[in-house]
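Protein chains in written order, with this note's numbering: chain A, -9 to 259; chain B, -9 to 259; chain C, -9 to 259; chain D, -9 to 259.
Number of protein chains: 4
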Amino acid sequence: MYRMPYGFGPTAGPRQGPDYKRFDCSNAPHRWQAAVSFLTDRNHLDRLLPPGFALAGDPIVTVEFRVLSELPWLAGRGYSILKVNFPAAYNGKRDKAVGSFCSVLWENLADPILSGREELGFAKLWCELPPPRIMGDRVTCTASWLGHEFAILELTDLAEAEPRNPAFPGLGGQAGDGTLHYKYIPQTGEWGKAAVAHACLTPPTGGPTVERLRLGTGRVNFRPTTWEQMPTQFHIVQALCALPILEQREAWCVEIRGDSDLSQQRALV
Amino acid sequence: MYRMPYGFGPTAGPRQGPDYKRFDCSNAPHRWQAAVSFLTDRNHLDRLLPPGFALAGDPIVTVEFRVLSELPWLAGRGYSILKVNFPAAYNGKRDKAVGSFCSVLWENLADPILSGREELGFAKLWCELPPPRIMGDRVTCTASWLGHEFAILELTDLAEAEPRNPAFPGLGGQAGDGTLHYKYIPQTGEWGKAAVAHACLTPPTGGPTVERLRLGTGRVNFRPTTWEQMPTQFHIVQALCALPILEQREAWCVEIRGDSDLSQQRALV
Amino acid sequence: MYRMPYGFGPTAGPRQGPDYKRFDCSNAPHRWQAAVSFLTDRNHLDRLLPPGFALAGDPIVTVEFRVLSELPWLAGRGYSILKVNFPAAYNGKRDKAVGSFCSVLWENLADPILSGREELGFAKLWCELPPPRIMGDRVTCTASWLGHEFAILELTDLAEAEPRNPAFPGLGGQAGDGTLHYKYIPQTGEWGKAAVAHACLTPPTGGPTVERLRLGTGRVNFRPTTWEQMPTQFHIVQALCALPILEQREAWCVEIRGDSDLSQQRALV
Amino acid sequence: MYRMPYGFGPTAGPRQGPDYKRFDCSNAPHRWQAAVSFLTDRNHLDRLLPPGFALAGDPIVTVEFRVLSELPWLAGRGYSILKVNFPAAYNGKRDKAVGSFCSVLWENLADPILSGREELGFAKLWCELPPPRIMGDRVTCTASWLGHEFAILELTDLAEAEPRNPAFPGLGGQAGDGTLHYKYIPQTGEWGKAAVAHACLTPPTGGPTVERLRLGTGRVNFRPTTWEQMPTQFHIVQALCALPILEQREAWCVEIRGDSDLSQQRALV
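In structure tokens, the structure reads:
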């Protein structure tokens, strides 16, 4: 598999080791996840959908913070993720799918951002994701960009629950056919035109091991953000900040071992 | 202009402000640059060329470290660059061009990496680029990835020279038709196939103001690097480390005001 | 000169090189500085004074952001500073002095914080200080701690002025006898007692070269901060946040070459 | 308890919350630790001892990497540690003690460095400590300073062992009377003289809960380092780099809950 720079030969990454083989992900990485969900206004969400997509079911937004460690493809290193999903359906010329639409996903390391955008069509961006603050049954996760804090996720009253798999109806966004994405790469020199523009699907993956599950209450807060504060991302934070929180829904904190390498990812037409 | 995430609308960036207008780059950014060049073995360089490219002229590699500041599109912020260029020619079905081929380029901020790769076809990667160490007529620049230092650029005996424009024959890689690139984006789900694969050209841009020029001697050192040390980039560092330094050539340090927004970038077929 | 760890021998630092000699600071470091001053309430400031100190003259607070580069003692590296000064007098048993009291000073590198606190008695703390955002005649400087932005300095309408030395009455806090500090080190095991507690004085230093001076208007904003957001420094930010801004005073942006190594620093009794 | 800046009032820290109370450390922080020990030459170690100290028992150096999380005094945040200990005895005018001497300790956050140096007399310095790389039964920990990697700790063949408390004879350096330190603060203005100079003792603390213990083999590698690479710390790394490794000893990886707040720390005379 190649990525830029092309001339140096194939690039190792999540789905291809230095020996061109895939990695064993059955027992690693370790994933610590905290998630908060809320009911919002259907019209606000509708405006965030790419072409061919429509809302499916209740307009419930799930914001999840993940800490990945022991990643085989990063030689045992890790990184963190903040992602915003909601249920949607894709209705293409050939393909139809219903699932959890990943509207935006932040990571604090550029390497998985590049392979995720270009190989998988994940809408990944970079920001700072400090390690979560854990105080007994309370958890606080934040996201900032060059010092400007734009998102705060707070979970309280976390109580132990029986681990199960899937741990939670909405957990991991694997409801329905899987997770939906919209891949878009511009055409060089023809500004405004696309070189690549199509939906993508992450099918549900076999069962990682849920080691611990805690349920509680939670709240997410996206903060008002100007162009000067985040000149390439302010429009995203503003749109998320504008989503009304009509009702708080489930909040959970899980620890999981094992993952998919996402090599089942495919384009939808 | 759109980039992922698509659903939130157009994304501001180097060639498009929050008001959809272009930025005035006549007096900013400020660029501090230190560069070292050396003669290497033709066969080694030849292996680093993408399809359709051939070496042109002497196999002289130029390694340049740039510190950009006062960038209008980043609301006055900056970032740094390390890039490796050598002269090459592209011979396409329709287009022919000779110039400076940008084989790989590192930046220490993800946002320009994403727009650079996807809009322009620049082979940008992320690494840490600490501010240059400046001790009178000596300059040291280094690059590391999560703590592993993989490149060291050292310039000594820097002496003031008359500013001129272009400041140096090889300066800025603008010889010939401009700077050459190879854009490559994989096809999702069809691993090993390309969704986008073509050469790109950055035409020479009008004259930025050279405020200061110093000439001296210099040396670049790429360090042996294992997969465990840089699991997504070791093959690049190893290839650069293997380039024999047959003869040191020019080394220079310049300070420049003004730049192009690279909106003249175009695809070559 | 020793600092902890003691057993490895003398520690090189700002006032002692690896050869035990002092550094030549006549032409380096380079200092970029932006400062804002304002008139505040006398009673609020009074509460921030250590034992033996009293306000002197108008209660004018100066908040200054500095970017140091080309530091000889850091082998050509640099770091940044945010400091909060106001005029005060020290009336000791033996010594009397009037000057600019440095109430708190943040730096974004631990090494000068340690030598500054322990050798000089500077009240230095650590925070993140991103490079200033420079947009023509506007400058924005910010400070954050692990992602929580707690101070924003904004200067606008900056216009070129004749460089002079001292560039400005309040510039660099060198009015009167120099800059005043209060050194305090706790007694190990006897919690609440001091091992070291006395005032210190930085005498005015000979003239660095002012290369550029711009005057304008400015504003500083310290943001409300909880214990959870900055568990070791919230009380400082809260006190600064509570200072009423009765009147904006001078704002300036300067570039300077050369500095003192502060080896004239002395204890006041 | 006060620390600089004094004028803003008492400073919260590891041994004092915002309400002036101590923190409950019975179940948090969480500590992940990897340690390697080796037999070295007695004469080399002897030179690293402060006044009043002598080696005690075999010259065995233990290098330990710790990842702390869920720290109550940091509102649930964490940081990492790299420390170098060996057995020594202190023979003072009044006090005698035998224990594990902490010759140097690096942390990747300035706030605990300041309270540790000034309140406790720990020889703490700052460096970058990336999260450990964990690949099944292998662990790699590294330390760097502004991009220069100066220490690498590698553990292999880690096998589960029965958790016990103390988990290991040498574990945590709590053998004998506890951990020994040498506090040193310079006298301002009288360069070369001490304001504070005495030994300190950390008595053994009650039992934290060992959750997991793995034993294996390991190796530590300090890399040759110049003044230019680490201008304030090169002499320490050089001394550690020069220690001959005569024989590898125990290597272990533990996970622990609960800790002491070190308020039993006391001066030795």
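For each residue, glycine too, the CB sits at the ideal point set by N, CA and C. Small disclaimer: the values here were computed from a predicted structure and weren't measured.
With 8 Å as the threshold, decide whether the Cβ of residue i is near any Cβ in chain B.
i	result
Phe(-2) (chain A)	yes
Ser27 (chain C)	no
Asp249 (chain A)	no
Pro153 (chain A)	no
Arg67 (chain A)	yes
Glu240 (chain C)	no
Thr264 (chain C)	With chain C covering only -9 through 259, there is no way to say anything about residue 264 (chain C).
Do residue j and residue i come within 8 Å of each other at the CB atom, strictly closer than that value?
i	j	result
Gly82 (chain A)	Lys173 (chain A)	no
Gln238 (chain A)	Phe28 (chain A)	yes
Thr52 (chain B)	Leu233 (chain B)	no
Leu258 (chain C)	Ala187 (chain C)	no
Gly47 (chain C)	Asp167 (chain C)	no
Trp217 (chain C)	Ala87 (chain D)	no
Leu145 (chain A)	Gly208 (chain A)	yes
Gly182 (chain A)	Pro40 (chain B)	no
Leu45 (chain D)	Arg21 (chain D)	no
Leu148 (chain C)	Cys231 (chain C)	no
Pro153 (chain B)	Leu205 (chain B)	no
Cys131 (chain A)	Leu143 (chain A)	yes
Phe140 (chain A)	Ala151 (chain A)	no
Val227 (chain C)	Thr215 (chain C)	yes
Ile175 (chain B)	Ala100 (chain A)	no
Pro49 (chain C)	Phe91 (chain C)	no
Put residue i into one of helix, strand or coil per three-state DSSP.
i	result
Leu161 (chain D)	Legend: pLDDT at Leu161 (chain D) = 43, less than 50; position of this residue unreliable, no value from coordinates given.
Ser105 (chain A)	helix
Cys243 (chain C)	strand
Ala229 (chain C)	helix
Asp36 (chain D)	helix
Leu64 (chain A)	helix
Gly47 (chain D)	coil
Leu110 (chain D)	helix
Ala18 (chain D)	coil
Ala2 (chain B)	coil
How far does the beta strand (DSSP E) with residue i in it reach, from first residue to last?
i	result
Pro176 (chain A)	169 to 176
Val151 (chain B)	Strictly speaking, residue 151 (chain B) in this sequence is Ala, with Val absent from that position. Taken as a continuous stretch (DSSP letters only), the beta strand (DSSP E) holding Ala151 (chain B) covers 138 to 151.
Met220 (chain C)	First-last for Met220 (chain C): undefined, no H or E at that position.
Met125 (chain D)	123 to 125
Pro77 (chain A)	69 to 81
Gly208 (chain C)	199 to 212
Lys86 (chain C)	86 to 97
Val186 (chain B)	184 to 192
Cys117 (chain B)	Run containing Cys117 (chain B): none; DSSP gives neither H nor E here.
Against chain D, with Cβ distances strictly below 8 Å, would residue i count as a contact?
i	result
Thr199 (chain B)	no
Ser134 (chain B)	yes
Gln225 (chain B)	Note on residue identity: the sequence assigns His, not Gln, to residue 225 (chain B). His225 (chain B) does not count as touching chain D.
Asp85 (chain C)	no
Arg21 (chain C)	no
Please report whether the beta-carbon of residue i lies at a distance below 8 Å from any beta-carbon of chain A.
i	result
Glu150 (chain D)	no
Thr222 (chain B)	yes
Met125 (chain D)	yes
Gln164 (chain B)	Residue placement at Gln164 (chain B) is flagged as unreliable, the pLDDT there being 47, under the threshold of 50; the coordinate-derived value follows with that caveat. Judged by the 8 Å Cβ criterion, Gln164 (chain B) is not in contact with chain A.
Ser59 (chain D)	yes
Beta-carbon of residue i versus every beta-carbon of chain C: anything under 8 Å?
i	result
Glu139 (chain A)	yes
Find the residues of chain G that neighbour residue i, judging by a C-beta separation of less than 9 Å, and give them in chain order.
i	result
Pro120 (chain B)	In the structure shown, chain G cannot be found, because the protein chains are A, B, C and D.
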